[in-house]
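Trainee:
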Amino acid sequence: MGGSRSRGLVECALIYVLLVAIEVAQTSSANMFKPFNVSYDHRAIIVDGKRRMLISAGIHYPRATPQMWPDLIAKSKEGGADVIQTYAFWNGHEPVRGQYNFAGRYDIVKFVKLVGSSGLYLHLRIGPYVCAEWNFGGFPVWLRDVPGIEFRTENVPFKEEMQRFVKKIVDLMREEMLFSWQGGPIIMLQIENEYGDVERSFGQRGKEYVKWASQMALDLGTGVPWVMCKQPDAPDNIINACNGFYCDGFKPNSYNKPVLWTENWDGWYTTWGGRLPHRPAEDLAFAVARFFQRGGSFQNYYMYFGGTNFNRTSGGPFDITSYDYDAPIDEYGLLSEPKWGHLKDLHAAIKLCEPALVAADLPQYMKLGPKQEAHVYHVDIDIEGLNLTQDRSESRCSAFLANIDERKAAAVTFLGQRYYLPPWSVSILPDCRNTVFNTAKVGAQTSVKMVDFDLPLFGHFSAQKQSMIHNGVSYISKSWMTVKEPIGVWSENIFTVQGILEHLNVTKDHSDYLWYITRIYVSDDDIAFWEEKEVRPTLTIDSMRDVLRVFINGKLIGSVIGHWVKVVQPVQFIKGYNDLLLLSQTVGLQNYGAFFEKDGAGFRGQIKLTGFRNGDIDLSKSSWTYQVGLRGEFLNIYTVEENEKAGWSDLTLDAIPTTFSWYKVPYTTVMATGIR
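Residue numbers (mature numbering (1 follows the signal peptide of the UniProt record, and there is no 0)): -29 to -1, 1 to 647.
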């Protein structure tokens, strides 16, 4: 490791979390770089007059605590990264129009300065659409309410708001002296994000929008190159880049642009109830080696550190709070082995090849077998006439030997020497002779994360109690406490209107939750009808998203989970007036696709009750009372400062509260040092 570090070991229920506990150094632009220029040609990004082969590590600053940033950056550098890449998150920086937030996890200036002070460069993706499995794709929800707005198209209100935010970020970076020509670390910017995936949906207006966004970015005079990823029609002065699992076959739309890979998906995100995705280190290394083998020059891991979707930043819908992404550095800032170590070895091998890679405009291709090939980078050397006895120390000759057969190994002859290539692998020869790395051969350690139940912090879990849990016997720790959440109205901030209102139009995304409350009268005739026909009334909703909880007279009778799914819920009423309460809940707002600002939340179509003597009851036109949020949210009972206001009580087996309750358990923090 590059220096002494300490960690915090945190117990929370049965989960250990390692946190970084180090002091954050004060940084300024004065101790970063001497001013340097950045440009590009057809081969590579040119940094301070020199072509570079660049390895980039994706880290999103709001997905880690500021205390973690220095260690994450240091581990990225130790792993062989030259660049840190991040988005700028509009909804985090401007939660209310005109009111900016650059503090805490959103202190982007501090993050960029930490990157620069570490000696790394920064690729800033301003977007401002980010996707990123981030709530609403990074757009602030108030943007929906701008009159006449349509997102990401030739639309004046949207362009005005987008330009205002992009300019805000650019001006902030310029004021803080963070561009390369000012001595800062920023060498590249990005406008828009993966717009090519949806451009066709917008027709000609989409094409005009691409031209406008590009020119708007260039007019800001940042002095560094701009990129558009997954944008085949990017204008001449914007580099179009590749996103994907493999980008070795990608070529930009102009010979004058280098081959950039802005998102190498080294894992994937996870949804609630879904499986944890995993990408083997061998396959990831193969993809990177093939990219540089076939002419690539800039590669970014999305993500190198994934982190956590704190608060309500998860997108989706249904993306979980963890954004671990199976990345080389895990959610808690620990090295994920063997992936981190295997990639570190790969990066070292690529760096050994860099003199030849930047000197040659194109590699020489050599067929070695049916599915085996070599790409040779050399200057002033006759490869065909080269033999093993010649001194290549001054020749700048490097070679990549690939076996793209997924099943069979191969023995090949290259420049008179035999080489063994495992299936689906690349061997790297920095001197065109000696293999220093093969992507299928992992030399890094493998780490398995485990929880030790014998540790003192788990002392209250005896072997007998563990056995009870395994046998399905209920056990509740005495340390757990609970408080009931009111069903329905809990404050005076309610209103009543005729009809069903769209969820986000009411909540403005200040809460995931919205209560819809109405009253149903049931007559003697209705009850007699149900008994006579042996039927039950049914609540039907044409369509809903993401989660619906149905309560009648304060009792939970059913739940529905899905994305715009039909609801058919049998209900049971008593004679007289009955309270019908529908709790609509979002689980991350849509973050991808065309027109997703129109997707909305809550309910669509008709809401009705069927099975009554006098026919169906259309509730869509009934009088509904609306209550935004939960009482526990309003009290901030999940914070250290406010949680005692809730009135917690002990949780016991014979006194389980309602099905709608908050729970808490205290935990102890134990400091440890020197943990790798």
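Don't be surprised by glycine CBs; every beta carbon is placed ideally from N, CA and C.
Hey, how far is the Cα of Asp517 from the Cα of Ala415?
Mentor: Taking the straight line joining both Cα atoms gives about 42 Å.
Trainee: Taking one C-beta from the stretch 492 to 504 and one from the stretch 546 to 553 each time, how about it: are there three or more such pairs within less than 8 Å?
Mentor: yes
Trainee: Thinking C-beta only, is Leu85 closer than 8 Å to Thr57?
Mentor: no
Trainee: Looking only at DSSP bridge pairs, what is Ser369 linked to?
Mentor: Tyr348
Trainee: Helix, strand or coil for Cys102, going by three-state DSSP, please let me know.
Mentor: coil
Trainee: Indicate the three-state DSSP secondary structure (helix, strand or coil) for Ile30 in the structure shown.
Mentor: strand
Trainee: Can you tell me which of Gln153, Phe129, Phe150, Arg123 puts its alpha carbon nearest to the alpha carbon of Gly167?
Mentor: Arg123
Trainee: Would you kindly work out how many angstroms separate the C-alpha atoms of Lys182 and Pro206, rounded to a whole number?
Mentor: 7 Å
Trainee: For Asp480, collect the residues of the same chain with a Cβ closer than 6 Å to its Cβ; drop the 5 residues on either side in sequence, then sort them by chain order.
Mentor: Val112
Trainee: Tell me which residue opens and which closes the beta strand (DSSP E) that Tyr391 is part of.
Mentor: 388 to 392
Trainee: Is the distance from the Cβ of Thr241 to the Cβ of Val198 below 8 Å?
Mentor: no
Trainee: Within a Cβ cutoff of 7 Å, which residues of the same chain sit near Gly194, ignoring the five residues on either side of it in sequence?
Mentor: Phe150, Trp152
Trainee: Considering only C-alpha positions, which residue in the set Gly618, Thr417, Phe631, Val611 is nearest to Tyr638?
Mentor: Val611
Trainee: Starting from Ala212, trace the beta strand (DSSP E) in both directions and tell me its first and last residue.
Mentor: 209 to 215
Trainee: Rounded to the nearest angstrom, how far is the Cβ of Met148 from that of Pro99, given a contact under 8 Å?
Mentor: Contact flag wrong, Cβ pair sits at about 23 Å.
Trainee: Measuring CB atoms only, is the stretch 308 to 321 touching the stretch 400 to 411, in the sense that at least three cross pairs come out at less than 8 Å?
Mentor: yes
Trainee: Indicate the three-state DSSP secondary structure (helix, strand or coil) for Ile158 in the structure shown.
Mentor: strand
Trainee: Is the beta carbon of Val397 closer than 8 Å to that of Arg261?
Mentor: For Arg261 and Val397, yes; Cβs fall inside 8 Å.
Trainee: Would you report the Cα separation of Leu231 and Phe269, rounded to the nearest angstrom?
Mentor: Distance from the CA atom of Leu231 to the CA atom of Phe269, rounded to whole angstroms, is 5 Å.
Trainee: Assign Tyr303 to one of two classes, buried (16 or more other C-beta atoms within 10 Å of its C-beta) or exposed (fewer than that).
Mentor: buried
Trainee: Is the stretch 584 to 594 touching the stretch 468 to 476 in the sense that three or more CB pairs, one from each, lie closer than 8 Å?
Mentor: yes
Trainee: For Trp311 and Asn280, what's the separation of their Cα atoms in angstroms?
Mentor: 22 Å
Trainee: Got a sec, what are the start and stop residues for the alpha helix (DSSP H) Ala188 sits in?
Mentor: 174 to 190
Trainee: Just reading off the alpha helix (DSSP H) that Gly63 is part of, what are its end residues?
Mentor: Run containing Gly63: 61 to 64, per the alpha helix (DSSP H) assignment.
Trainee: What number of angstroms, rounded off, separates the C-alpha of Leu(-12) from the C-alpha of Met39?
Mentor: Note on Leu(-12): pLDDT 33, under 50, position unreliable in the model; no value is reported.
Trainee: With DSSP run on the structure shown, which of helix, strand or coil describes Arg378?
Mentor: Three-state result, Arg378: coil.
Trainee: I'd like the span of the beta strand (DSSP E) that includes Val397, first residue to last.
Mentor: Looking at the DSSP string, the run of the beta strand (DSSP E) that includes Val397 is 396 to 400.
Trainee: Alpha helix (DSSP H) containing Asp497: first to last residue?
Mentor: 495 to 504 is the span of the alpha helix (DSSP H), which, as asked, contains Asp497.
Trainee: Whose C-alpha, out of Asn524, Asp497, Ser514, is nearest the C-alpha of Ile488?
Mentor: Asn524
Trainee: Based on the DSSP output, what are the partners of Met199 in its beta bridges?
Mentor: Asn211
Trainee: Using the DSSP secondary-structure output, state which residues sit across from Gln540 in a beta bridge.
Mentor: Leu510
Trainee: Taking one C-beta from the stretch 371 to 388 and one from the stretch 329 to 345 each time, how about it: are there three or more such pairs within less than 8 Å?
Mentor: yes
Trainee: Suppose you measure from the CA of Asp19 to the CA of Tyr226; what does that come to, to the nearest Å?
Mentor: 22 Å
Trainee: Output the distance between the C-alpha atoms of Gly109 and Trp61, rounded to the nearest integer angstrom.
Mentor: 6 Å
Trainee: Leaving out the 5 sequence neighbours to the left and right, which residues in its chain are closer than 7 Å to Trp105 when beta-carbon positions are compared?
Mentor: Phe60, Thr284, Gly286, Asn562
Trainee: Taking 8 Å as the cut-off, decide whether the C-beta atoms of Phe574 and Ser555 are in contact.
Mentor: A Cβ-Cβ contact shorter than 8 Å links Phe574 with Ser555.
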